[in-house]
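Enquirer: So that we are looking at the same thing, I have put the structure below in structure tokens.
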Amino acid sequence: MARVVCQGIVKEYCAGSRAVDDVSLDVADGELLVLVGPSGCGKSTLLRIIAGLETPSAGTLRIGETVVNDLSPQERNVAMVFQDYALYPHMTVRRNLEFPLRMRRLPRADIDAKVAHTAQLLGLSTLLERLPKQLSGGQRQRVAMGRALVREPSVSLLDEPLSNLDAKLRVHVRAEIAELQRRTGTTMIYVTHDQVEAMTLGHRVALLDRGRLQQVAPPAELYDRPVNAFVAGFLGSPPMNLLRASVSRVADGLALRVGAQTIGIQIAGADASALLDRTDLARVATVGVRPEAVDLVASDAGAGSLRATVEHVELLGHETLVHTSLAAGGEQPQRVVARIQGTHALSPASAVRLRLAAGGLHFFDADGVALGRAK
Ligand code: ADP
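Sequential numbering from 0 applies to the sequence shown in numbering that gives the first Met the number 0.
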């Protein structure tokens with residue numbers, strides 16, 4: 000087990016273009032950290048740098064107390080699991096698990112003990128004499144994990160390990176990985192492009208965009224306090240609504256201007272008032288509101304609601320997603336999604352009114368930097 004510290008890591012595959020751009024990240028001993036971001040944001044590159052499969056163009060990497068920049072992957076004692084987990088097809092599960100230990104020429108008794116322990120940990124004890132082709136996808140994935148973990152690495156690195164599994168199995172194996180990590184206490188860095196996977200698995204989540212680290216925080220904090228509009232818009236399904244808007248202070252809260260509409264938003268409590276005073280409201284260029292903080296209200300709700308037209312409706316059983324576009328008075332219409340509990344059959348093109356929960360508003364400046372949040 001070990002701590003992993005990246006300091007100012009840069010990777011330029013070609014001059015002037017940074018796949019990883021000045022990333023500093025401190026992964027605690029025994030932590031499960033998820034690296035997430037859109038395709039091409041540099042997740043795999045960063046993981047491969049930690050594994051020793053790529054050389055950083057700049058920066059320092061420590062595993063435990065040791066600077067490992069110049070150490071080979073073997074010398075780093077890290078294990079890596081890739082999405083296309085290649086097991087040796089002609090070897091049994093036992094032989095597959097033994098392989099990394101035999102390469103190290105460990106004594107037979109040690110090998111047997113470690114294989115038995117790993118197999119038990121991963122629920123593979125009854126499958127040891129099978130060939131990979133006699134296993135399900137999930138079982139094969141567990142053998143691949145076992146082969147990585149049997150060496151008792153200081154750090155386990157997983158690169159989209161579940162992307163070859165179907166959705167149901169993915170949920171199942173994901174829970175197994177979390178449980179395994181908890182039981183072994185191994186430091187784990189897990190790469191995925193799937194924000195649901197990131198939010199459910201990570202002790203902390205590190206979100207990358209175009210090579211740059213945007214925010215590293217526990218899942219709930221990332222969701223509730225995104226530091227910028229990119230983070231806000233990446234997390235959540237559907238993600239946060241981000242509206243071009245301006246706000247000003249009025250007696251009992253805010254006046255929010257979105258396109259041609261201006262509504263009043265009442266904000267209660269001294270905290271909110273203090274926050275609004277601190278936040279430079281004149282700089283607000285984008286207001287974010289999650290779909291669950293948008294409600295449909297009766298048409299007589301007065302000045303506190305936005306006029307919109309239903310575009311389409313997704314009935315999910317326990318909830319309904321209502322996709323709307325705001326009445327814009329000639330300006331470019333903006334879309335807002337509302338997530339409403341239960342089933343609501345609304346026909347497309349019908350007129351609705353949207354109320355935004357005061358406590359659900361996030362404010363961002365013209366560069367997308369978070370200015371604060373009404374509470
Ligand atoms: P992710 O894992 O987030 O999808 P990658 O780390 O694979 O992103 O890639 C980050 C960027 O670096 C991308 O623009 C990609 O095209 C580029 N890249 C990755 N590997 C190489 C390589 N071996 N040579 C040149 N460019 C690469």
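Backbone N, C-alpha and C fix where the C-beta goes; we use that ideal spot for every residue, glycine too.
This one's a predicted model, so the numbers in the text were calculated from it and none came from an experiment.
Measuring alpha carbon to alpha carbon, tell me which of 335, 221 and 210 ends up nearest residue 257.
Expert: For this step, residue 257 is matched to residue 258 along the sequence shown. Cα-wise, what sits closest to residue 257 is 335.
Enquirer: Here's the rule: buried if 16 or more other CB atoms are within 10 angstroms of the residue's CB, otherwise exposed. What is residue 64?
Expert: Residue numbering aside, residue 64 sits at position 65 when the sequence shown is read from its first letter. By the 10 Å Cβ count, residue 64 comes out exposed.
Enquirer: Check whether the Cβ atoms of residue 360 and residue 286 sit closer than 8 Å, and answer yes or no.
Expert: Stepping through the sequence shown from its first residue, residue 360 is reached at position 361. Stepping through the sequence shown from its first residue, residue 286 is reached at position 287. Yes.
Enquirer: Quick check on the burial criterion: 16 or more other C-beta atoms within 10 angstroms. Buried or exposed for residue 10?
Expert: Counting from 1 along the sequence shown, the entry for residue 10 is found at position 11. So residue 10 counts as buried.
Enquirer: Please tell me whether, using a cut-off of 7 Å, the distance from the CB of residue 132 to the nearest non-hydrogen atom of the ligand ADP is below it.
Expert: Within the sequence shown, residue 132 is the residue found at index 133, counting from 1. No; taking the cut-off as 7 Å, the Cβ of residue 132 has no heavy atom of the ligand ADP nearer than that.
Enquirer: Using 8 Å as the threshold, is the segment 200-219 in touch with the segment 48-56, meaning 3 or more CB pairs across them?
Expert: Touching, no, given that fewer than three Cβ pairs across the two stretches are closer than 8 Å.
Enquirer: What are the start and end residues of each continuous alpha helix (DSSP H) run of 4 or more residues lying completely inside the segment 253-339, in chain order?
Expert: Fully enclosed alpha helix (DSSP H) runs of 4 or longer: 269-277.
Enquirer: Beta-carbon distances below 6 Å to any heavy atom of the ligand ADP define the shell here; list its residues in chain order, please.
Expert: In chain order, the qualifying residues are 12, 18, 36, 38, 39, 40, 41, 42, 43 and 44.
Enquirer: Comparing C-alpha positions only, which one of 238, 284, 196 and 116 sits nearest to residue 255?
Expert: Walking along the sequence shown from the start, residue 255 turns up at place 256. Cα-wise, what sits closest to residue 255 is 284.
Enquirer: Can you grab the Cα-Cα spacing for the pair residue 5 / residue 72, in whole Å?
Expert: Position 6 of the sequence shown holds residue 5. Position 73 of the sequence shown holds residue 72. Taking the straight line from one Cα to the other gives about 16 Å.
Enquirer: Under a Cβ-count criterion, where at least 16 other Cβ atoms within 10 Å of its own Cβ denotes burial, should residue 124 be classed as buried or exposed?
Expert: Taking the sequence shown and counting its residues from 1, the one referred to as residue 124 is at position 125. Exposed, because fewer than 16 other Cβ atoms sit within 10 Å of the Cβ of residue 124.
Enquirer: Please tell me whether residue 35 and residue 179 are closer than 8 Å, where the distance is taken between their beta carbons.
Expert: Your numbering for residue 35 matches position 36 in the sequence shown. Your numbering for residue 179 matches position 180 in the sequence shown. Against a cut-off of 8 Å, the Cβ pair of residue 179 and residue 35 comes out as no contact.
Enquirer: For the beta strand (DSSP E) that residue 10 lies in, which residues bound it at each end?
Expert: By one-based count along the sequence shown, residue 10 stands at place 11. Residues 3-13.
Enquirer: Per DSSP, what kind of secondary structure is residue 233 in: helix, strand or coil?
Expert: Working through the sequence shown from its first residue, we reach residue 233 at position 234. Helix, per DSSP.
Enquirer: Throw me the rounded Cβ distance for the residue 294 and residue 337 pair, which I believe falls under 8 Å.
Expert: Position 295 of the sequence shown holds residue 294. Position 338 of the sequence shown holds residue 337. Confirmed, Cβ separation roughly 7 Å.
Enquirer: Where does residue 24 sit, in a helix, a strand or coil, going by DSSP?
Expert: To locate residue 24, count along the sequence shown from 1; it is residue 25. Strand.
Enquirer: Would you call residue 24 buried or exposed, if buried means 16 or more other Cβ atoms sit within 10 Å of its Cβ?
Expert: Taking the first residue of the sequence shown as 1, we reach residue 24 at position 25. Residue 24 is buried by the Cβ-count criterion.
Enquirer: Measuring alpha carbon to alpha carbon, tell me which of 129, 266, 354 and 310 ends up nearest residue 95.
Expert: Residue numbering aside, residue 95 sits at position 96 when the sequence shown is read from its first letter. For residue 95, the nearest C-alpha among the options comes from 129.
Enquirer: For residue 117, does the three-state DSSP call read helix, strand or coil?
Expert: Here residue 117 corresponds to residue number 118 of the sequence shown, with the count starting at 1. Three-state result, residue 117: helix.
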